[in-house]
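Report on one structure; see the data block that follows.
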Amino acid sequence: MAVTLVNPASLPQVGLYRQVAVATGSRTVYLAGQVARTADGGHVGEGDLAAQVEQAYLNVAAALAEVGATFADVARLTVYFVEWSPEKMGEFVEGVQRAEKKLGVSIQAPLTGIGVAFLAEPDLLVEVEATAVLD
38 MAVTLVNPAS LPQVGLYRQV AVATGSRTVY LAGQVARTAD GGHVGEGDLA AQVEQAYLNV
98 AAALAEVGAT FADVARLTVY FVEWSPEKMG EFVEGVQRAE KKLGVSIQAP LTGIGVAFLA
158 EPDLLVEVEA TAVLD
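If you number the sequence shown the way the working numbering does, the last residue is 172 and the count never jumps.
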């Protein structure tokens, strides 16, 4: 594996992700932001943050698979949330857990969450970018 995830004792311990990723591979994969759309462009989870998070993570997994990667190769995730508030954390976690269950993985890559006013289309609530490193 090209990515090792670490939670240093000197930093806050966050259960949802690890604070540090050490990448030692030779190929870097940059994914465009993935949203709650099916392969044919169908909308998923209008007004439902958990459903949109789940679909965005499933789309990240599909994009990774296309280049021979998995979530184990992800060194960094960036998640953009429309009108983020702490009350939405439960829905976000639910969506990630549903994606993990469908994919049979634990997604622990370092994560930065960013609140934004809006995304490219008015029904989108979340967008997920990933950077992966492969041997």
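All C-beta atoms, glycine included, are put in the ideal place defined by N, C-alpha and C. Keep in mind it's a predicted model, so treat the numbers as computed, not measured.
Per-residue burial, residue i [other beta carbons within 10 Å of its own, 16 or more giving buried]
| i | result |
| --- | --- |
| Pro-147 | buried |
| Arg-55 | buried |
| Lys-139 | exposed |
| Gln-89 | buried |
| Val-57 | exposed |
Those residues which DSSP pairs with residue i across a bridge
| i | result |
| --- | --- |
| Glu-166 | Thr-115 |
Best match in the options for proximity to residue i [C-alpha to C-alpha]
| i | options | result |
| --- | --- | --- |
| Val-72 | Asp-172, Leu-171, Thr-168 and Glu-158 | Glu-158 |
| Ala-136 | Leu-86, Leu-42 and Ala-69 | Leu-86 |
| Leu-156 | Thr-168, Val-116 and Ser-47 | Val-116 |
| Val-119 | Gly-150, Tyr-94, Lys-139 and Leu-171 | Gly-150 |
| Leu-68 | Trp-121, Ala-102 and Glu-128 | Ala-102 |
| Asp-160 | Thr-65, Gln-56 and Gly-79 | Gly-79 |
| Val-59 | Asn-44, Glu-124 and Leu-140 | Asn-44 |
| Phe-129 | Gly-141, Gln-92, Ala-106 and Gly-105 | Gln-92 |
| Val-104 | Val-66, Leu-48 and Glu-164 | Val-66 |
| Leu-171 | Leu-48, Ser-63, Pro-123 and Pro-49 | Ser-63 |
| Thr-75 | Thr-107, Leu-53, Ala-100 and Gly-52 | Ala-100 |
Cβ distance (whole Å) where residue i is taken to contact residue j below 8 Å
| i | j | result |
| --- | --- | --- |
| Ala-167 | Val-111 | 5 Å |
| Val-40 | Ala-109 | 7 Å |
Jot down the residue ranges of each uninterrupted alpha helix (DSSP H) in the region 119-159, minimum 4 residues, whole runs only, in chain order. 126-140
Within the region 56-120, note down every full alpha helix (DSSP H) run reaching 4 residues or more, in order along the chain. 86-103
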